[in-house]
Amino acid sequence: MEVSSVYLAVATLASLLLLSKLLFGSSSSKQQWPPGPKKLPFIGNLHQLGGGGDPLHWTLSDLARKYGKLMTVWFGSQKPNIVITDLDLAWELLVTKGADYWSRKMPYLAKITTAGFRTLSACDGGPYWESLRKGLHATALNPQTISSQTKLQEQDIADMISKMQQEADLNNGVVKPLHHLRELAIRLIYRLSFGTGVPIEDRFVKRMDELIEEQMGIWAAAHLVDVFEFTKHIPGLKPPLKETKAHIERIKALLRPCLAASKKYSLSGNNTHLSFLLSQGFSEEVILLNLFEVFNFGVDSTSASIVWALGFLILERETQEKLYKEVEGKLEGSRRMVRVEDIGGWSTCMRW
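Numbering (the numbering used here) for the sequence shown: 19 to 370.
Here it is, written out as structure tokens:
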């Protein structure tokens, strides 16, 4: 009976694959796409993007040398992705002609995680999107706001270094930097979102990191169905709607006290992301999920970029030595920590 069930599952999957090919196989092939590597049925170019253990950006860079600065890479047989590796062309498409390209199909789960497509990353271009973008840039991403918190940021970094040293002492000199960098980014975004008057607790930092990881897992499931549409008919691979809704409630439970704290600490006059969102008269859900989105994307991109830079230094020993000498020269032999204002004149950092 158990063997029969396996055969039935395999036969069902094969039938779905064939049906998917018959229904959708010819629609994308008629469209003229930029050049790119030859795709395989059903998986597209996925076999070329994850092989060899190289980082994705290395693989795409190698493919671009062969196929050009504008190429097509397929995630599954029905999902073409246009990859741009030229700065001027990227500027033309994303900025000069941004209005022609900013709308895109989103996975169904995004409707739940973005308050009905009402967050900055999910809404279509237009007045609403412009308002969210300007509000974020005028508050959390405002250079004056960031620079006003320099001392707090430096203290966070000093605390992180101390924790990493403790970890190294307990693990024969080995440190896993990613979770330290993620927590550092959460603290930075917290103050930019809520201001310096609202205390940040360690349990908030750890819980936020857990929820970000949780959402990444949910989005992975959503993108699996997005790439391989036939999988939505397989019970075990259906989009996790119930789990996603529960996940959103956990996000709200974590961030809701921050709204209450905003009244206690009188944030209405402060230049924070929360103060902007409150001033727009948005619903609580829209406010909370816009706040979480900044944590989600900010933590992931910031920590990943720093880890990438550290990996680059490990591979490029000559660059590492140059940077080390510049640090020594700037500090003039002192043991103090590097400050933000020290970095501007470092030629090695500027070349990155």
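Backbone N, C-alpha and C fix where the C-beta goes; we use that ideal spot for every residue, glycine too.
Given residue i, which residues of its chain have a CB within under 8 Å of its CB, disregarding the five upstream and five downstream residues?
i      : result
Val325 : Pro195, Leu196 and Leu199
Leu107 : Lys87 and Leu88
Lys224 : Glu201
Trp76  : none
Ser301 : Ala133
Arg274 : Glu302 and Leu306
Ser45  : At Ser45 the pLDDT is 48, less than 50, meaning the model places this residue with poor confidence; the figure from the coordinates comes in the next sentence. Here the set comprises Gln96.
Ala186 : Val192 and Val193
Pro170 : Per the sequence shown, residue 170 should be read as Leu rather than Pro. The residues are Arg209 and Thr214.
Trp147 : Trp120, Leu138 and Cys141
Determine whether the beta carbon atoms of residue i and residue j lie at a separation below 7 Å.
i      : j      : result
Leu202 : Met182 : no
Met89  : Pro52  : yes
Asp72  : Lys87  : no
Asn308 : Leu296 : no
Gly7   : Ile218 : Because the chain spans 19 through 370 in this model, residue 7 falls outside it and cannot be assessed.
Ser95  : Pro55  : no
Trp120 : Gly143 : yes
Lys343 : Asp360 : no
Leu78  : Val101 : yes
Glu232 : His265 : yes
Cys276 : Phe212 : yes
Arg122 : Val304 : no
Would you mind giving the Cβ-Cβ distance between residue i and residue j, rounded to the nearest angstrom? I have them listed as a contact below 8 Å.
i      : j      : result
Ala140 : Ala128 : 6 Å
Phe313 : Ile164 : Not confirmed; about 16 Å, so no contact.
Leu306 : Ile269 : 7 Å
Phe222 : Leu259 : With 8 Å as the limit, Phe222 and Leu259 do not qualify as a contact, their Cβ atoms being about 27 Å apart.
Thr262 : Thr132 : Their Cβ separation, rounded to whole angstroms, is 11 Å, which puts Thr262 and Thr132 out of contact at 8 Å.
Leu74  : Leu81  : So it is not a contact: roughly 11 Å between Cβ atoms.
Following the continuous beta strand (DSSP E) through residue i, name the residue where it begins and the one where it ends.
i     : result
Leu58 : No beta strand (DSSP E) contains Leu58, which DSSP labels as neither H nor E.
If you drop the 5 nearest sequence neighbours on each side, which residues of the same chain put their C-beta closer than 6 Å to that of residue i?
i      : result
Trp92  : Lys57, Gly62, Asn63 and Pro98
Leu41  : Unreliable placement is indicated for Leu41, whose pLDDT of 43 sits below 50; the coordinate value is still reported in the next sentence. The answer is none, since no qualifying residue turns up.
Gln167 : Arg209
Gln49  : none
Ile230 : Asn314 and Val317
Phe310 : Ile269
Gly299 : none
Ala322 : none
Thr320 : Ala203
Asp174 : Leu202 and Arg205
Gly116 : none
Gly287 : Note on Gly287: pLDDT 49, under 50, position unreliable in the model; the coordinate value appears next. Nothing listed; no residue qualifies.
Gly43  : Caution is warranted here: a pLDDT of 48 is assigned to Gly43, below 50, making its placement in the model unreliable, and the coordinate value is therefore given only provisionally. None.
Leaving aside the five residues before and after residue i along the sequence, list all residues of the same chain whose C-beta is less than 7 Å from its C-beta, in chain order.
i      : result
Arg151 : Leu138
Asn160 : Asn289
Val345 : Val356
Gln338 : Leu331
Glu350 : none
His65  : Leu58
Asp220 : none
The alpha helix (DSSP H) spanning residue i covers which residue range?
i      : result
Met178 : Thr168 to Leu188
Trp51  : Unbroken run through Trp51: none, as it is neither H nor E.
Arg209 : Leu196 to Phe212
Ser319 : Glu302 to Leu333
Glu148 : Pro145 to Ala156
Pro297 : Reading off the sequence shown, one finds Ser at residue 297, where the question assumed Pro. First-last of the alpha helix (DSSP H) with Ser297: His291 to Ser297.
Leu67  : Leu64 to Leu67
Taking 6 Å as the cut-off, does the CB of residue i come closer than this to any heavy atom belonging to the ligand GDP?
i      : result
Phe313 : In terms of ligand content, the structure shown is empty, and the ligand GDP therefore cannot be addressed.
I'd like the ranges of any alpha helix (DSSP H) spanning at least 4 consecutive residues and lying wholly in the segment 72-140. 74-85, 105-109, 116-119 and 128-131
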